[in-house]
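Engineer: If you read the sequences in order, they're chains A and B. Residue 72 in the numbering used here sits at position 72 of the first sequence, with consecutive numbering throughout. Residue 4 in the numbering used here sits at position 4 of the second sequence, with consecutive numbering throughout. Backbone N, C-alpha and C define an ideal beta-carbon position, used for all residues, glycine too.
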Amino acid sequence: GAGVSQSPSNKVTEKGKDVELRCDPISGHTALYWYRQSLGQGLEFLIYFQGNSAPDKSGLPSDRFSAERTGGSVSTLTIQRTQQEDSAVYLCASSPPREYNEQFFGPGTRLTVL
Amino acid sequence: GDSVTQMEGPVTLSEEAFLTINCTYTATGYPSLFWYVQYPGEGLQLLLKATKADDKGSNKGFEATYRKETTSFHLEKGSVQVSDSAVYFCALRSRSQGAQKLVFGQGTRLTINP
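1) Does any C-beta atom of chain B lie closer than 8 Å to the C-beta of tyrosine 90 of chain A?
2) Can you look up serine 58 of chain B in the DSSP assignment and give me helix, strand or coil?
3) Please report how far the alpha carbon of serine 58 of chain A lies from the alpha carbon of tyrosine 33 of chain A, in whole angstroms.
4) Looking only at its chain, what residues have a beta carbon closer than 7 Å to the beta carbon of arginine 69 of chain A, apart from the 5 residues adjacent to it on each side?
5) Among B:Gly41, B:Thr20, B:Ala27 and B:Asp2, which one has its Cα closest to the Cα of glycine 106 of chain A?
6) For alanine 54 of chain A, count neighbouring Cβ atoms within 10 angstroms of its own Cβ and tell me buried if that reaches 16, exposed if not.
7) Going by the C-beta, is cysteine 90 of chain B closer than 7 Å to any heavy atom of the ligand SAM?
8) Going straight from the alpha carbon of isoleucine 112 of chain B to that of valine 80 of chain B, what length do you get?
9) In three-state terms, what does DSSP make of aspartate 18 of chain A?
10) Which residues does DSSP list as the beta-bridge partners of glutamate 76 of chain B?
11) Can you tell me the Cα-Cα spacing of tyrosine 30 of chain B and leucine 114 of chain A, whole angstroms?
12) Using 8 Å for Cβ pairs, my map puts phenylalanine 34 of chain B next to glycine 78 of chain B. What's the rounded Cβ distance?
13) Checking 8 Å against the spacing of the C-beta atoms, do phenylalanine 62 of chain B and leucine 75 of chain B come in under that value?
14) Can you check which of these residues, A:Thr109, A:Phe104, A:Ser9 and A:Gln80, is closest to alanine 2 of chain A by C-alpha distance?
15) Three or more C-beta pairs closer than 8 Å, one from the segment 10–30 of chain A and one from the segment 77–90 of chain A: is that the case here?
16) Quick check on leucine 19 of chain B - is its C-beta less than 8 Å from some C-beta in chain A?
17) Step through the CB atoms of chain A and report whether any lies within less than 8 Å of the CB of serine 32 of chain B.
18) What first and last residue would you give for the beta strand (DSSP E) that runs through glutamate 99 of chain A?
19) Assuming tyrosine 39 of chain B contacts alanine 91 of chain B (C-beta within less than 8 Å), just tell me the rounded distance between them.
20) Which residues in chain B sit within 8 Å of alanine 31 of chain A, going by Cβ to Cβ distance?
Shown next as structure tokens:
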């Protein structure tokens, strides 16, 4: 079956520009997560959505970062006024209802800020 | 806060060697523990998990035992293969209410030479 998909796979942008990264979770999965993988910080949690509940935004590094999840499915992570330290691989994961120990990861979006 | 510390590597072994990658954690209560693997050019995949003390997770010849007394979850394999070359991440998920995020170690790059 289809796994978690993310687009674009690669994104190169200039410092100061805004970017949008998209995640399509596995159909039927109610939980969706964003993580960031960078050389300096390793793998770190950004934000978590569960159904219609308020998202857990505790991992967002600054107010330049935001995310939304429309219709309980697709999610978009937006980074405004990108900085070079935002360069990383952004990973999305989803998990089935009540199965929080099973997070399925997408291939990631590699973001390079010049 | 919760944290995971793992052997940073890189680790280079010959085929059929015995593998141990150390992982220790700090968490409130008794978290669920995981090993994820990232093969070259691929996304993160769950390798194995353990959800309570003394549980042993196993998959593809890899094993890890949840040791509460030493707060450890070391990954082992008796005879590695070239195809095991990858980056391995130890992770935990807290049992605190609402804490569904994964906390990852820094990752260990493993290279197996024929």
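Structural biologist: From the atom records:
1) In the first sequence, counting from the first residue as 1, residue 90 of chain A sits at position 90. Chain B contact via Cβ: absent.
2) The sequence position of residue 58 of chain B within the second sequence is 58, counting from 1. The answer is strand: DSSP assigns serine 58 of chain B an E or B state.
3) For this step, residue 58 of chain A is matched to residue 58 along the first sequence. For this step, residue 33 of chain A is matched to residue 33 along the first sequence. C-alpha separation (whole angstroms): 12 Å.
4) What you label residue 69 of chain A is simply residue 69 of the first sequence in a count that begins at 1. For arginine 69 of chain A, same chain residues with a beta-carbon under 7 Å away, outside a window of 5 residues either side, are Leu32, Phe49 and Ser75 in chain order.
5) Position 106 of the first sequence, counting from 1, holds the residue named residue 106 of chain A. For glycine 106 of chain A, the nearest C-alpha among the options comes from B:Gly41.
6) Taking the first residue of the first sequence as position 1, residue 54 of chain A is located at position 54. Exposed.
7) Looking for the ligand SAM in the displayed structure turns up nothing, as the structure carries no ligands at all.
8) Within the second sequence, the letter at position 112 stands for residue 112 of chain B. Within the second sequence, the letter at position 80 stands for residue 80 of chain B. The C-alpha of isoleucine 112 of chain B lies about 7 Å from the C-alpha of valine 80 of chain B.
9) On the first sequence, residue 18 of chain A is found 18 positions in, with the first residue counted as 1. Three-state result, aspartate 18 of chain A: coil.
10) What you label residue 76 of chain B is simply residue 76 of the second sequence in a count that begins at 1. Glutamate 76 of chain B is bridged to B:Thr20 and B:Glu63.
11) Taking the first residue of the second sequence as 1, we reach residue 30 of chain B at position 30. Taking the first residue of the first sequence as 1, we reach residue 114 of chain A at position 114. Rounded to the nearest angstrom, the two C-alpha atoms are 43 Å apart.
12) Mapped onto the second sequence, residue 34 of chain B falls at position 34. Mapped onto the second sequence, residue 78 of chain B falls at position 78. Contact between phenylalanine 34 of chain B and glycine 78 of chain B does not hold, since their C-beta atoms are separated by about 21 Å, which reaches or exceeds 8 Å.
13) As a position in the second sequence, residue 62 of chain B is number 62, starting the count at 1. As a position in the second sequence, residue 75 of chain B is number 75, starting the count at 1. In this structure, phenylalanine 62 of chain B places its C-beta atom within 8 Å of the C-beta atom of leucine 75 of chain B.
14) Position 2 of the first sequence, counted from the first residue, corresponds to residue 2 of chain A. It is A:Phe104 whose Cα lies nearest to the Cα of alanine 2 of chain A.
15) Yes: at least three Cβ pairs fall under 8 Å.
16) Residue numbering aside, residue 19 of chain B sits at position 19 when the second sequence is read from its first letter. It does not: the Cβ of leucine 19 of chain B has no partner Cβ on chain A nearer than 8 Å.
17) For the purposes of this step, residue 32 of chain B is taken as residue 32 along the second sequence, with counting starting at 1. With 8 Å as the cut-off, serine 32 of chain B counts as an interface residue toward chain A.
18) Start at 1 with the first residue of the first sequence, and residue 99 of chain A comes out as number 99. Run containing glutamate 99 of chain A: none; DSSP gives neither H nor E here.
19) In the second sequence, counting from the first residue as 1, residue 39 of chain B sits at position 39. In the second sequence, counting from the first residue as 1, residue 91 of chain B sits at position 91. Between tyrosine 39 of chain B and alanine 91 of chain B a beta carbon distance of about 17 Å is seen, past the 8 Å cut, so the two are scored as non-contacting.
20) As a first step, residue 31 of chain A must be located in the first sequence, where it is residue number 31. Within chain B, the C-beta atoms nearer than 8 Å to that of alanine 31 of chain A come from Gln100, in chain order.
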